[in-house]
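Numbering (this note's numbering), first residue to last: 777 to 1199.
Using N, Cα and C, we set each Cβ at its ideal position, and we do this for glycine too.
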Amino acid sequence: MPEALSFPMIDGERLRRFMDEVSAFGATKGGGVDRPAGTREHGRARDWLRGQLEAAGLRVAIDPIGNLFGILEWAGPDAPLILTGSHLDSQPNGGRFDGAYGVVASLEAILALKGHAQAHGLSPRCNLALVDWMNEEGARFQPSLLGSSVFGGQLTLDYALSRKDGDGVSVETALRETGYLGKDEAPNPVSYLEMHVECGGDLEASGRKIGPFARHWGALKVKIKVTGRQTHTGPTPMAHRQDALLGAAYLIAAIRDLSPRAADTLYTSVGRIEVIPNSPNIVPGEALLFAELRSPEMAVLEWAEGELNAALGPCADKAGVRAEILSIDRRPAGRFAPGLVRLAQEEAEDLGLSTQTLDTIGGHDAIPVLARCPAIVVAVPSVGGICHNAVEFTPHEDLENGTRLLTRMLWRLDRMDGRPSGT
């Protein structure tokens, strides 16, 4: 919209109500949420969002991988479009702010901008759209960032739809069952903005209020199979056991030991393990490991991949088993749009909000979207740096600050025809 008479104001109580309402879907006793992608509770949360979009007069579109869009075509069909949003799916027993805050902040920002334009008779230059990406978390279906990676072109639609959970249910089936297997064409944005809780402790430690992410770390997501021999835990002599879980344990320790060898430029974890047949009185015959290695430097990831490959044989031999890598999802390190980083810093300063430029170590949907248009993630503080946990928390004042900033960034981008300078 052109030069405004005053800055669009958000409704803080409406923002609070939206957060409370969406947090009811999959709510846990510990104050978090449990709504992995494609589950009934995830579908209910998306139904709530869809109702809010329709009530606000936005056109709802669902693309073939289940990304949910609310489109405000108030500048005409040929006008550039600015996209904003995040995701409503969660980790099992996860927190209520991760992802959901970015969706709710985008909803409130669009409502504030729409009301401001109507009140002052302003004509916008850009259309706006909100997005709820499908399966950002990757908790139920792997890989993570599924919907945004189809949108960005990193994954094919057929591949994404065919991914299955641990019970053999495909993404396509889950989308169909929840009513989000769409046929609509996704909008084509010129910029993408994503608000998020930090999921780290840097902002809290520094006392800063806003953290534009300038860089994103690269990652290797590795699925490893360890094969032994299934036998009885009672009569089988220790020397004769081929324990797949023991071999997996040696590998887990070896993966952990990579981090200090890389001078803390490498974060490693094994966050999931499947033991087959998973009986207390059977020596496991098979184990699947889901490992993650993250670094800001691709050379470090290449080194770590080589070291992991080199560790497979010795770890397996020590337990008398076999180990093999089944798949590796490689995600390059990179930078978010510099023009959007500067815009976030400038608008935060005008709002009196202190900033600290950050790296994001975890993945966000904005990363695959970078292949389509300039994109950024902007963070607000996480208390204690805790995320992916029911106790994750961000004070409402910080949620309001981030939403005010998002609204102002969208407002400024409109006057730039949606394209940040210097990007």
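Query: For valine 1154, which residues of its own chain have a beta-carbon under 6 Å away from its beta-carbon, when the five flanking residues on both sides are left out?; Result: Met971, Pro988 and Ala1120
Query: Check whether the stretch 1099–1118 touches the stretch 1056–1075, taking contact to mean three or more Cβ pairs, one atom from each stretch, closer than 8 Å.; Result: yes
Query: Is the Cβ-Cβ distance between proline 919 and lysine 997 less than 8 Å?; Result: yes
Query: Can you confirm whether the stretch 1007–1022 touches the stretch 954–973 when touching is taken to mean that 3 or more C-beta pairs between the two stretches lie within less than 8 Å?; Result: no
Query: Helix, strand or coil, according to DSSP, for lysine 890 in the structure here?; Result: helix
Query: Can you check whether the CB of serine 925 is closer than 8 Å to the CB of leucine 906?; Result: no
Query: State the DSSP-derived secondary structure class of proline 1060, mapped to helix, strand or coil.; Result: coil
Query: What's the call for lysine 985, buried or exposed, on a 16-neighbour Cβ count within 10 Å?; Result: buried
Query: Which residue's Cα is closest to the Cα of proline 1157: Arg1005, Pro1056, Glu980 and Gly928?; Result: Glu980
Query: Among Leu1134, Glu1168, Arg1005 and Ala1147, which one has its Cα closest to the Cα of alanine 1095?; Result: Arg1005
Query: In the DSSP assignment, find the unbroken alpha helix (DSSP H) run with alanine 1092 in it and report its ends.; Result: 1074–1095
Query: Using a Cβ-Cβ cutoff of less than 6 Å, which residues in the same chain neighbour aspartate 1190 once the five nearest sequence positions on both sides are dropped?; Result: Met777, Pro900, Arg901 and Cys902
Query: Any idea if aspartate 934 is buried or exposed, counting beta-carbon neighbours within 10 angstroms, 16 or more meaning buried?; Result: exposed
Query: Grab the span of the beta strand (DSSP E) containing histidine 972 for me, first residue to last.; Result: 967–973
Query: Can you list, in chain order, the residues of its chain with a C-beta nearer than 6 Å to that of glycine 977? Leave out the 5 residues immediately preceding and following it.; Result: Gly1161
Query: Return the chain-ordered list of same chain residues with a C-beta closer than 8 Å to the C-beta of alanine 1087, the five sequence neighbours on each side being excluded.; Result: Leu1027, Ala1030 and Ile1031
Query: What would DSSP say about leucine 864, mapped onto helix, strand or coil?; Result: coil
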